[in-house]
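Under the UniProt record's numbering, the first residue of the sequence shown is numbered 1, with each subsequent residue one higher. Glycine residues also receive a C-beta, built at the ideal position from the N, C-alpha and C atoms. Quick notes on the structure that follows.
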Amino acid sequence: MKLEPSNRFSARRVSPTAAAPPHGAGAPMDLDQASGRKVWTNTFRARSDKVIAVGRILLALGSVWIAWLDSVHVPLPPEPIYFLLIGYLFYAIAAAFLVWRTEISRVRGTLVRHIIDVAAFAIFMSMTDGPASPFFMLMPFTLLSATLHWRWRGALYTGLVCLAALLYLGYFDAGDMLDPDADTTTNASRILFIFVAAALLVWLGAHQEAVRAELLRLVQRTPSQPRGREWPALAALDYAAHVMLVPRALLLWTDAEEPWTYAALWNEGELEVMQMPPDAFGTWTDEKLLRSSLLVTEAARGRVLVHIGEGRFHQWSDPDPPISPALVEAFNINAAVSTFFQVDDLQARLFVLEPPALTLDDVAIAEIIADRIKALFEQAILVRRLSDEAAVDERIRIGRDLHDGVLQALAGTALQLQSLRKLKDAGPDVLAERLEAIQAMLLEEQRELRGFIRALEPGGNLQATGEMQLERQLEAVAARLRQQWQIDVSIAFDPPSGIDLPLALTYELARMTSEATANAVRHGGAQKVRITLSIDNGSIVLTIDDDGVGFGYGERLDHAELEREKIGPRSLRERAAARGGKLAIERIAEWTRVVVMLPMPQ
1 MKLEPSNRFS
11 ARRVSPTAAA
21 PPHGAGAPMD
31 LDQASGRKVW
41 TNTFRARSDK
51 VIAVGRILLA
61 LGSVWIAWLD
71 SVHVPLPPEP
81 IYFLLIGYLF
91 YAIAAAFLVW
101 RTEISRVRGT
111 LVRHIIDVAA
121 FAIFMSMTDG
131 PASPFFMLMP
141 FTLLSATLHW
151 RWRGALYTGL
161 VCLAALLYLG
171 YFDAGDMLDP
181 DADTTTNASR
191 ILFIFVAAAL
201 LVWLGAHQEA
211 VRAELLRLVQ
221 RTPSQPRGRE
231 WPALAALDYA
241 AHVMLVPRAL
251 LLWTDAEEPW
261 TYAALWNEGE
271 LEVMQMPPDA
281 FGTWTDEKLL
291 RSSLLVTEAA
301 RGRVLVHIGE
311 GRFHQWSDPD
321 PPISPALVEA
331 FNINAAVSTF
341 FQVDDLQARL
351 FVLEPPALTL
361 DDVAIAEIIA
371 DRIKALFEQA
381 ILVRRLSDEA
391 AVDERIRIGR
401 DLHDGVLQAL
411 AGTALQLQSL
421 RKLKDAGPDV
431 LAERLEAIQA
441 MLLEEQRELR
451 GFIRALEPGG
461 NLQATGEMQL
471 ERQLEAVAAR
481 LRQQWQIDVS
491 IAFDPPSGID
501 LPLALTYELA
511 RMTSEATANA
521 VRHGGAQKVR
531 ITLSIDNGSI
541 VLTIDDDGVG
551 FGYGERLDHA
561 ELEREKIGPR
571 SLRERAAARG
581 GKLAIERIAE
591 WTRVVVMLPM
601 PQ
């Protein structure tokens, strides 16, 4: 069964064996990767130097002790080998001093020290019993140190040198090979030992290098962070394919908030994202394997190793297929490494398809990759939530602005039109003058509404930066309020002039002034409004006094109590809180006072 996607798109082509530059990095990734690999290799060699230096001293001491024991059992005049061994001991101590005296180990002189070690065992063995020499122990030490320094290359080349030295020392005379009295068995066993040890160390060095390369690919390049509300499928699969060196990778995920299943297929650098019905594949795996990591050798035949934790695996033997047959057929799954992860209500499964050679290590690497992909999805979900919250906040803010601006202006216009009934006996000149005033007020509100709509468009400046002189702005607001509500409005500033504030804050103060005045007139019947703006201890204090009936509270109510009881002018309370400020209401004699305190911008 081949499933046709309901939605798909292609992304940029990315080579599975080359990393893409993260976020516009300037240098080519292959150069960065080579540099990172060299740094990692050198730091490991530097750490190995200290251990090798200690081992060299111990072997030198042991060699001197062996030579001393030999001279005790067979009293002979001091031989040159004895002095050479003492010299090698002093060399080992000097080399250790040079390595250990530095606070931070660095790669320096390793090749020179290695050549000296090779020359030392060759000289010591040639001066004693050849391959049967008690100083043969220096040869495995040299082979191990070469592996630590240069991995499989060091093991290979040093192993060849050791074998050549043993063959030369033990078998340059063909007669020795046929002489039953010669120590042929010792020579042969030591040659065989070096051969097998070198072969194993070559494999170990190659394995170490492969593991380091995988770890380097894991840590050197991080997945690209998602932008906007898109799911990070491209970054996730590109990263997985880069680390595992595979041509294809598949990511499935479902979100409880969305009624479909996503399937993203990364194939030789091309990404295909499909939206499918939730039951397109049934359950992706058998219910027992829902959260398990899988090593799939042949998906169609159900040959799967299941990771049961702590590096232990068991062979799947149930008659039911471990992986959905529809999924296997739709994406042509054969060999794969698969792992599961979950973020809140989002469930996902990663399939790394057609790895070069399946090993148990692949499961550990895939689980690390899945953990990093999980972080990408966590960030994508967080971005979506923040985006939704920002959209809700923006709608609330726009609603407040419309309520405090256009709706209040329309309410004032309605009152103005209603007042014309009282002037039915007045002359036509009076009516014409009042109508012109109302018309001018409507035109002003029309201009303000048009500017408000333009500011909502992309590139608008509703939250524009910059500064505006607050005195001039509030004087204009006071003049409009006088005309709109036909009341006495006075305004005062402390300091008297020269207060410059950001445009957005000036806009908020103007809206708060309009809203407080409208409340005083419409609900309190106020005829006089006094507006005072001052700067007090780093705060902007906007005070609106009116002679209306007030809110019915006989005592001062601060912001915390207004918020707790959900009383007072809601729009003013929310605006003050949104700016990190406070609102207070009190009754002073025949006046109602509304006080808004906002922090002064830095």
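{"Item": "Am I right that residue 286 and residue 322 are in contact with their C-beta atoms under 8 Å? What's the rounded C-beta distance?", "Value": "5 Å"}
{"Item": "Should residue 132 and residue 187 be called a contact, given that it needs their Cβ atoms to be closer than 8 Å?", "Value": "yes"}
{"Item": "With DSSP as the reference, identify every bridge partner of residue 267, one or two as the case may be.", "Value": "248 and 270"}
{"Item": "Who are the Cβ neighbours of residue 25 in its own chain at under 6 Å, not counting the five residues just before and after it?", "Value": "Model confidence at residue 25 stands at a pLDDT of 34, short of 50, so the residue's coordinates are unreliable; what they give is reported in the following sentence. Nothing meets the Cβ criterion."}
{"Item": "Let me know the secondary structure DSSP gives residue 559 once reduced to three states.", "Value": "helix"}
{"Item": "Helix, strand or coil for residue 307? Go by DSSP, reduced to three states.", "Value": "strand"}
{"Item": "Look at the alpha carbon of residue 65 and the alpha carbon of residue 99, and state the distance between them as a whole number of angstroms.", "Value": "25 Å"}
{"Item": "Let me confirm a value: residue 388 is counted as buried when at least 16 other C-beta atoms fall within 10 Å, else exposed. Which label applies?", "Value": "exposed"}
{"Item": "DSSP state of residue 28, grouped into three classes?", "Value": "Summary for residue 28: the model assigns pLDDT 40, below 50, so the residue's position carries little reliability; its value from the coordinates is reported in the next sentence. Residue 28: coil per DSSP, three-state reduction."}
{"Item": "How far does the alpha helix (DSSP H) with residue 549 in it reach, from first residue to last?", "Value": "That residue, residue 549, is in no alpha helix (DSSP H); it is neither H nor E in DSSP."}
{"Item": "Taking the C-alpha atoms as reference points, what is the distance between residue 299 and residue 328?", "Value": "7 Å"}
{"Item": "Kindly indicate the opening and closing residues of the beta strand (DSSP E) around residue 586.", "Value": "582-588"}
{"Item": "Work out the CA separation of residue 139 and residue 162 for me, nearest whole Å.", "Value": "7 Å"}
{"Item": "Enumerate in chain order the residues of its own chain whose CB-to-CB distance from residue 590 is below 7 Å, with the five nearest sequence positions on each side excluded.", "Value": "547"}
{"Item": "Taking only beta-carbon positions, decide if residue 422 is within less than 8 Å of chain B.", "Value": "This model lacks chain B altogether, as it is built from one protein chain only."}
{"Item": "Could you tell me the boundaries of the beta strand (DSSP E) in which residue 351 lies?", "Value": "346-353"}
{"Item": "What residue range does the alpha helix (DSSP H) around residue 514 cover?", "Value": "503-522"}
{"Item": "Expressed to the nearest angstrom, what Euclidean distance is found between the alpha-carbon atoms of residue 269 and residue 598?", "Value": "54 Å"}
{"Item": "Identify, in the order they occur along the chain, each residue of the same chain with its Cβ nearer than 8 Å to the Cβ of residue 54, setting aside the five sequence neighbours on each side.", "Value": "96"}
{"Item": "Specify whether the region 304-321 and the region 276-292 touch according to this definition: at least 3 beta carbon pairs, one from each stretch, less than 8 Å apart.", "Value": "yes"}
{"Item": "If you measure between the beta carbons of residue 261 and residue 324, is that distance less than 8 Å?", "Value": "no"}
{"Item": "Of the residues 516, 146, 240 and 304, which one's Cα is nearest the Cα of residue 197?", "Value": "146"}
{"Item": "Got a sec, what are the start and stop residues for the alpha helix (DSSP H) residue 574 sits in?", "Value": "570-578"}
{"Item": "Among all the DSSP beta bridges, which residues are the ones paired with residue 253?", "Value": "262 and 348"}
{"Item": "Measure how close the beta-carbons of residue 492 and residue 532 come, nearest whole angstrom, since I'm counting them as under 8 Å.", "Value": "5 Å"}
{"Item": "Of the choices 435, 550, 344 and 423, whose alpha-carbon is the least far from that of residue 255?", "Value": "344"}
{"Item": "Alpha carbon to alpha carbon, how far is residue 417 from residue 543?", "Value": "30 Å"}
{"Item": "For residue 23, which of helix, strand or coil comes out of DSSP?", "Value": "Because residue 23 carries a pLDDT of 37, less than 50, the predicted location of this residue cannot be relied on, and no value is offered for it."}
{"Item": "Run through DSSP, which three-state label would residue 281 get?", "Value": "coil"}
{"Item": "Runs of 4 residues minimum, wholly inside the region 82-167: which ones carry the alpha helix (DSSP H) assignment?", "Value": "110-127"}
{"Item": "What's the gap between the Cα of residue 272 and the Cα of residue 375?", "Value": "22 Å"}
{"Item": "What are the start and end residues of the beta strand (DSSP E) that includes residue 79?", "Value": "Premise fails: residue 79 is in no beta strand (DSSP E) and is neither H nor E."}
{"Item": "Quick check on residue 203: buried or exposed, where buried means 16 or more other Cβ atoms within 10 Å of its Cβ?", "Value": "exposed"}
{"Item": "Within a Cβ cutoff of 6 Å, which residues of the same chain sit near residue 124, ignoring the five residues on either side of it in sequence?", "Value": "135"}
{"Item": "Can you check DSSP and say which residues form a bridge with residue 70?", "Value": "Its beta-bridge partners do not exist; DSSP assigns none."}
{"Item": "Just how far apart, CA to CA, sit residue 347 and residue 253?", "Value": "5 Å"}
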